[in-house]
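Oh and the sequence shown: position 95 is 95 in my numbering, straight run, nothing missing.
These notes are about the structure you will find just below.
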Amino acid sequence: MREGGLLRPRCELAAKLIVPAVRALVAVRLVERYGMTQVEVARRLGTSQPAVSYYVHSKRGRALIEALTRDEVTQGLIDRLADLVYRGGSPEELHLVLCEICRRVRASGMLAQLARGRAIGRALAAELGRRPLKGSDE
1 MREGGLLRPR CELAAKLIVP AVRALVAVRL VERYGMTQVE VARRLGTSQP AVSYYVHSKR
61 GRALIEALTR DEVTQGLIDR LADLVYRGGS PEELHLVLCE ICRRVRASGM LAQLARGRAI
121 GRALAAELGR RPLKGSDE
């Protein structure tokens with residue numbers, strides 16, 4: 001039970017870390033590839049237009065988003081998820097693909113690598129007597 005710790009299921013970590021990054025990537029694809037408006041995307045994703053705007057333009061969380069885009073298999077799954085959202089796939093289909101993405105991310109070690117990078121950044125900032133830079137996923 002190392003990954004999530006005692007009483008912290010893997011899906012809880014996924015909901016806090018992976019799902020927002022996946023949602024951001026799906027929102028960008030729906031806007032850029034399918035030509036959907038932010039309002040349409042918000043309706044499909046069950047969120048607000050300002051949230052979609054934030055996903056499309058935000059720099060926050062970029063480390064995980066960039067890690068997700070570097071992995072071809074994960075990229076393909078995110079493309080499949082965006083296509084399902086666009087075509088109006090069933091909640092069951094959407095959840096199956098999202099679960100597959102989360103399993104892939106956990107198995108790949110992406111989260112552990114990012115956590116190590118953040119820990120190094122915090123330690124360096126502490127050593128220098130500074131706060132971590134704004135926009136550095138802190």
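Note that the Cβ used here is the ideal one computed from N, Cα and C, for glycine as well.
- Rounded to the nearest angstrom, how far is the Cβ of Ala21 from that of Ile65, given a contact under 8 Å? Taking the first residue of the sequence shown as 1, we reach residue 21 at position 21. Taking the first residue of the sequence shown as 1, we reach residue 65 at position 65. At roughly 5 Å, the Cβ-Cβ gap stays under 8 Å, so Ala21 and Ile65 are in contact.
- Query: Whose CA, out of Arg33, Tyr54, Ala27, lies closest to the CA of Arg43?
  - Reply: Along the sequence shown, one-based indexing puts residue 43 at 43. The shortest C-alpha separation from Arg43 is found at Ala27.
- Ser108 by DSSP, collapsed to three states: which one? For the purposes of this step, residue 108 is taken as the residue at position 108 of the sequence shown. In the structure shown, Ser108 sits in a helix (DSSP, three-state: H, G or I).
- Reduced DSSP secondary structure (H/G/I, E/B, other) of Arg44: Counting from 1 along the sequence shown, the entry for residue 44 is found at position 44. Arg44: helix per DSSP, three-state reduction.
- Item | Identity of the residue in Ile78, Arg87, Asp71, Leu98 nearest Gly109 by Cα | The sequence position of residue 109 within the sequence shown is 109, counting from 1. Checked all of Ile78, Arg87, Asp71, Leu98; the closest Cα to Gly109 is Asp71.
- Item | Residue burial classification, Thr37 (beta-carbon count within 10 angstroms, cutoff 16) | Your numbering for residue 37 matches position 37 in the sequence shown. The residue is exposed, with fewer than 16 neighbouring Cβ atoms inside 10 Å.
- Task: For Val85, collect the residues of the same chain with a Cβ closer than 8 Å to its Cβ; drop the 5 residues on either side in sequence, then sort them by chain order.
- Result: Against the sequence shown, residue 85 aligns to sequence position 85. The residues Val26, Leu30, Arg44, Leu45, Leu94, in chain order, have a CB closer than 8 Å to that of Val85 in the same chain once the five nearest residues on each side in sequence are set aside.
- Between Arg23 and Leu13, what straight-line distance do the alpha-carbon atoms span, to the nearest angstrom? Within the sequence shown, residue 23 is the residue found at index 23, counting from 1. Within the sequence shown, residue 13 is the residue found at index 13, counting from 1. Rounded to whole angstroms, Arg23 to Leu13 spans 15 Å at the Cα level.
- Would you mind reading off the limits of the alpha helix (DSSP H) that contains Ile65? Counting from one through the sequence shown, the residue named residue 65 turns up at place 65. Taken as a continuous stretch (DSSP letters only), the alpha helix (DSSP H) holding Ile65 covers 62-70.
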